[in-house]
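Novice:
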């Protein structure tokens with residue numbers, strides 16, 4: 001294999017990114033390119049990473065908020081109380097795994113109680129959840145180069161699958177909570193085995209990803225919050241990229257602080273810089 005050195009081509013691929021240590025990032029990138037695309041896989045968050053934080057109506061459109069917007073007034077009030085209680089614990093670093101499960105299952109319980117149906121979820125998702133610019137180009141490029149793409153989300157797999165189908169996006173694997181539906185198409189529960197929450201949104205611990213990780217130890221991670229930096233383990237074998245699209249209640253953090261956890265930062269709201277980077281392989 002011909003070695004690609006750290007030169008103009010690799011340096012140019014960092015256009016569109018913010019970074020703290022260009023030399024360090026280029027060293028990692030050169031090592032990844034030298035190893036080749038057959039040693040690489042991508043891990044991506046879903047909400048606010050491949051989607052955007054708000055839709056054309058100005059509504060927050062994570063998988064949870066998207067469905068919560070269509071609950072009754074009473075259920076929306078309950079949803080907000082759960083959010084305020086547990087989100088404050090999460091921000092303070094005091095949310096434990098049991099608390100995360102209670103929070104997630106409380107919201108899922110609201111969706112079940114309110115009688116949300118598959119057809120309604122499909123209609124809402126197709127109408128109200130936009131894709132981030134250049135996301136389809138990124139996934140198509142990875143498919144062309146046979147680089148696996150893994151979505152790991154603390155959202156809802158059914159919403160993600162509908163969204164992927166709508167935009168013609170075909171990830172290799174989706175890890176997220178799976179809803180269960182009755183014969184008449186209404187939510188009757190969820191697969192507890194599939195439950196992904198804020199504290200177990202990790203590549204590690206999921207056996208279905210072991211083969212990918214063993215054969216392809218180099219990882220490009222793409223997320224939208226500082227917590228997403230923890231989705232994969234490793235330093236030398238991971239390039240961490242953050243899309244800066246903070247939620248409304250997120251604390252203001254300077255770029256320098258964000259780049260303590262991520263190698264690269266995107267602030268133009270698109271995934272085009274990542275597309276350009278993947279073209280180097």
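Residue numbers (the numbering used here): 1 to 281.
Just so it is clear, CB atoms sit at the ideal spot from N, CA and C, and this is done for glycine as well.
For residue 100, does the three-state DSSP call read helix, strand or coil?
Specialist: Along the chain shown, read from residue 1 onward, the residue named residue 100 stands at position 100. Residue 100 falls in the helix class under three-state DSSP.
Novice: By the 10 Å Cβ neighbour count, where 16 or more other Cβ atoms means buried, how is residue 57 classified, buried or exposed?
Specialist: The count along the chain shown starts at 1 and reaches residue 57 at position 57. Result: exposed.
Novice: What is the DSSP secondary structure of residue 17, reduced to helix, strand or coil?
Specialist: Indexing the chain shown from 1 puts residue 17 at position 17. In the structure shown, residue 17 sits in coil (DSSP, three-state: anything other than H, G, I, E or B).
Novice: What are the residues that DSSP puts in a beta bridge with residue 286?
Specialist: Not covered by the structure: residue 286. The range shown for the chain is 1 to 281.
Novice: In the DSSP assignment, what residue or residues form a beta bridge with residue 131?
Specialist: The sequence position of residue 131 within the chain shown is 131, counting from 1. According to DSSP, which records beta bridges pairwise, residue 131 is partnered with 51.
Novice: Roughly how many whole angstroms lie between the Cα atoms of residue 306 and residue 75?
Specialist: There is no way to answer for residue 306, as the model of the chain reaches only from 1 to 281.
Novice: Please state the DSSP three-state secondary structure of residue 195.
Specialist: Reading the chain shown from its first residue, position 195 is the one you call residue 195. In this structure, residue 195 counts as coil in the three-state DSSP scheme.
Novice: Applying the 10 Å Cβ sphere with the 16-neighbour rule, what's the burial state of residue 108?
Specialist: Position 108 of the chain shown, counted from the start, is the residue given in the question as residue 108. Answer is buried; the Cβ neighbour count reaches 16.
Novice: Within the same chain, show all residues whose beta-carbon is closer than 7 Å to that of residue 262, passing over the 5 residues directly before and after it, in chain order.
Specialist: The residue you call residue 262 lines up with position 262 of the chain shown. 229, 240, 241, 242, listed in sequence order.
Novice: Based on Cα-Cα distance, which residue from 117, 177, 65 lies nearest to residue 129?
Specialist: Position 129 of the chain shown, counted from the first residue, corresponds to residue 129. Checked all of 117, 177, 65; the closest Cα to residue 129 is 65.
Novice: Applying the criterion that 16 or more other CB atoms from any shown protein chain within 10 Å of the CB defines a buried residue, is residue 282 buried or exposed?
Specialist: Because the chain in this structure spans residues 1 to 281, residue 282 falls outside the shown range and cannot be described.
Novice: What is the DSSP secondary structure of residue 276, counted as helix, strand or coil?
Specialist: Here residue 276 is taken as the residue at index 276 of the chain shown, counted from 1. Three-state DSSP puts residue 276 in a helix.
Novice: List the whole-angstrom C-beta distance separating residue 196 from residue 153, where the pair is believed to meet the contact cut-off of C-beta under 8 Å.
Specialist: Here residue 196 refers to the residue found at position 196 of the chain shown. Here residue 153 refers to the residue found at position 153 of the chain shown. The pair is a contact, with the Cβ atoms about 6 Å apart (cut-off 8 Å).
Novice: Could you give the C-beta distance for residue 63 and residue 48, rounded to a whole number, given that I count them as a contact under 8 Å?
Specialist: Translated into the one-based positions of the chain shown, residue 63 becomes position 63. Translated into the one-based positions of the chain shown, residue 48 becomes position 48. That belief does not hold up - the Cβ atoms of residue 63 and residue 48 are roughly 11 Å apart, past 8 Å.
Novice: Please name the residue in 137, 123, 191, 189 whose C-alpha comes closest to that of residue 159.
Specialist: Indexing the chain shown from 1 puts residue 159 at position 159. Closest by alpha carbon: 123.
Novice: Does DSSP put residue 92 in a helix, a strand or coil?
Specialist: Sequence index remark: in the chain shown, residue 92 carries index 92 (1-based). Residue state, collapsed to three classes: coil.
Novice: Leaving out the 5 sequence neighbours to the left and right, which residues in its chain are closer than 7 Å to residue 89 when beta-carbon positions are compared?
Specialist: Along the chain shown, one-based indexing puts residue 89 at 89. Excluding positions up to five away in sequence, the list reads 95, 99.
Novice: Return the first residue and the last residue of the alpha helix (DSSP H) that residue 210 is part of.
Specialist: Here the question's residue 210 lines up with position 210 in the chain shown. Residues 210 to 215.
Novice: Work out the CA separation of residue 32 and residue 6 for me, nearest whole Å.
Specialist: The count along the chain shown starts at 1 and reaches residue 6 at position 6. The count along the chain shown starts at 1 and reaches residue 32 at position 32. Annotation note: pLDDT 39 at residue 6 (below 50); position unreliable, coordinate value reported separately. Roughly 11 Å between the two C-alpha positions.
Novice: Output needed for residue 117: all residues of its chain with C-beta closer than 7 Å, excluding positions within five of it in sequence on either side, in chain order.
Specialist: Numbered from its first residue, the chain shown carries residue 117 at position 117. Excluding positions up to five away in sequence, the list reads 185, 186.
Novice: Expressed to the nearest angstrom, what Euclidean distance is found between the alpha-carbon atoms of residue 157 and residue 174?
Specialist: Taking the first residue of the chain shown as position 1, residue 157 is located at position 157. Taking the first residue of the chain shown as position 1, residue 174 is located at position 174. Cα-Cα distance, rounded: 7 Å.
Novice: Please list the segments of the alpha helix (DSSP H) lying wholly inside the stretch 123 to 187, counting only runs of 4 or more residues, in order along the chain.
Specialist: Entirely contained in the stretch 123 to 187, the alpha helix (DSSP H) runs reaching 4 residues are, in chain order, 135 to 145, 157 to 167.
Novice: Looking at the structure shown, is residue 117 part of a helix, part of a strand, or coil, going by DSSP?
Specialist: To locate residue 117, count along the chain shown from 1; it is residue 117. Looking at residue 117 - three-state DSSP - the assignment turns out to be strand.
Novice: Rounded to the nearest angstrom, what separates residue 125 and residue 55 at their Cα positions?
Specialist: For this step, residue 125 is matched to residue 125 along the chain shown. For this step, residue 55 is matched to residue 55 along the chain shown. Those two C-alpha atoms are separated by around 11 Å.
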